[in-house]
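Using my numbering, the letters of the sequence shown correspond one by one to residues -13 to 315. Inspection log for the structure reproduced underneath, given as structure tokens.
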Amino acid sequence: MLTLTVGCADRKTKTTSNENVETTSISAYNGTASITQGIATTISEAIYSCERGRKTDVGKITSTDQKEWIVPAETNYTNSEFPFAADLFNSCEGITYKTAEEALSHYDESNSIVIDQEGDLYTAYIFADNYFEMYVNGIPVGKDKVPFTEFNSSIVRFKAKKPFTVAMKLVDWEEHLGVGCEANRGKPFHAGDGGMVAVIKDAQNNIIAATDENWKAQTFYTAPIVDLGCVSEEGNYRYSKNCSTEGGQDGSSFYALHWEVPTDWMKTDFDDSNWPNATTFSNRTIGVDNKPSYTNFTSIFDDSKKDAQFIWSTNVVLDNEVLVRYIVN
């Protein structure tokens, strides 16, 4: 396997004006990503508004190889043809169900998506930090109603025949567009974190799939990067595990890495065999123990017979756009 690493011999550094943060020269990087530096230009403001939520903006930025990137990700949030998922819990809209049974009692069956007319009915329960779009066999079946915060959880129902392929775009939203940061813990530029957990049940309430290390997961946007020498690639594995997650007071010199998303990534016949397996994370690491959008439904997400795991790519803090796939047999 060919290993691509960032060279250190000719590394140069520069320091931001407001704090002692050193960033490497772009010339030190020799991986496969496109590189951007600094804050993106806002192109859409507040695509969703929540009284206690963070502002959900979208931006664009040009990389050193003259490619234009949408940050935090190019999504279908404003695409009316892509259906919204139903609410399991959504305090932004005053929906605070205590149980899944209560949520399902308010479910509008017309929201179910038919993949196969003769297929069986399945229900997916999803908690995503922050945003998801879900496909089954390449067909859109549900997207998150709340792109950023307050934290919510969702229900997606669809009819399909086994085997079927689940593909999801996962996005950790950002306040400072282009550098993967938000104000937190006394720092204006603090790296956010992601995480997604899902359980799929059949009409008899049996769990037929749950997120774990057998799902595939690939990252397509990593930020903030202070030192380009911290990232490495091994084949299709994109690693930022050696990178700092400290953030700081000034992110104007932070870098970001971007990879182009394949147009057919959600299709059944897409070859994900060279993607890494998903990395799993504990509830404590993701920090859901105080979020009723999760804790109200632990009987589903933390079922004693099949405890669903939070999944992401290898770096739940710095990787901000992640695609995951799984075949349900």
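Think of the CB as a built atom: it goes at the ideal place given N, C-alpha and C, for glycine as much as any other residue.
query, result
"Look at the Cβ atom of Asn306, then the Cβ atom of Val183, and state whether they are nearer than 8 angstroms.", "no"
"From what residue to what residue does the alpha helix (DSSP H) around Phe287 run?", "284 to 287"
"Please give the ranges of any alpha helix (DSSP H) in the segment 26 to 111, keeping only runs that are unbroken, at least 4 residues long and fully inside the region.", "86 to 91"
"If you draw a straight line from the alpha carbon of Lys277 to that of Thr50, how long is it in whole angstroms?", "40 angstroms"
"Please specify which runs of the beta strand (DSSP E), each continuous and at least 3 residues long, are wholly inside the segment 186 to 236, giving them in chain order.", "193 to 196, 202 to 211, 218 to 220, 223 to 225"
"In its own chain, which residues sit with a C-beta less than 6 angstroms from the C-beta of Ser77, not counting the 5 before and 5 after it?", "Glu136"
"Taking the continuous beta strand (DSSP E) assigned at Asn306, which residues delimit it?", "305 to 314"
"According to the neighbour-count rule (16 or more other Cβ atoms, all chains shown, within 10 Å of its Cβ), is Thr208 buried or exposed?", "buried"
"Per DSSP, Ala294 forms a beta bridge with which residues?", "According to DSSP, Ala294 bridges with nothing at all."
"Provide the residue(s) that pair with Leu243 in DSSP beta bridges, ordered along the chain.", "Ile21, Thr208"
"DSSP state of Thr281, grouped into three classes?", "helix"
"Just tell me which of Glu95, Gln52, Ile56 has its CA closest to the CA of Ala72.", "Glu95"
"Taking 7 angstroms as the cut-off, does the CB of Pro278 come closer than this to any heavy atom belonging to the ligand FAD?", "Looking for the ligand FAD in the displayed structure turns up nothing, as the structure carries no ligands at all."
"Compute the Euclidean distance between the alpha carbons of Asn222 and Phe256, then round it to the nearest angstrom.", "15 angstroms"
"Distance cutoff 8 angstroms, beta carbons only. Does Asp293 sit that close to anything in chain C?", "Included in the structure is just one protein chain, with no chain C present."
"With a CB to CB cut of under 8 angstroms and the five nearest residues on each side skipped, what residues in its chain are close to Ser98?", "Leu107, Arg143, Phe144, Lys145"
"By the DSSP assignment, the beta strand (DSSP E) with Ala125 in it spans what residues?", "Sequence check: residue 125 is Ile here, not Ala. Where Ile125 is concerned, the enclosing beta strand (DSSP E) stretches over 125 to 129."
"Pull up the CB-CB distance for Gly105 and Lys173, whole angstroms please, since I reckon it's below 8 angstroms.", "Contact doesn't hold; Cβ gap of about 48 angstroms is too wide."
"Given that a residue counts as buried once 16 or more other Cβ atoms are within 10 Å of its Cβ, and exposed if not, what is Ile316?", "Because the chain is modelled from -13 through 315, residue 316 falls outside the range shown and cannot be assessed."
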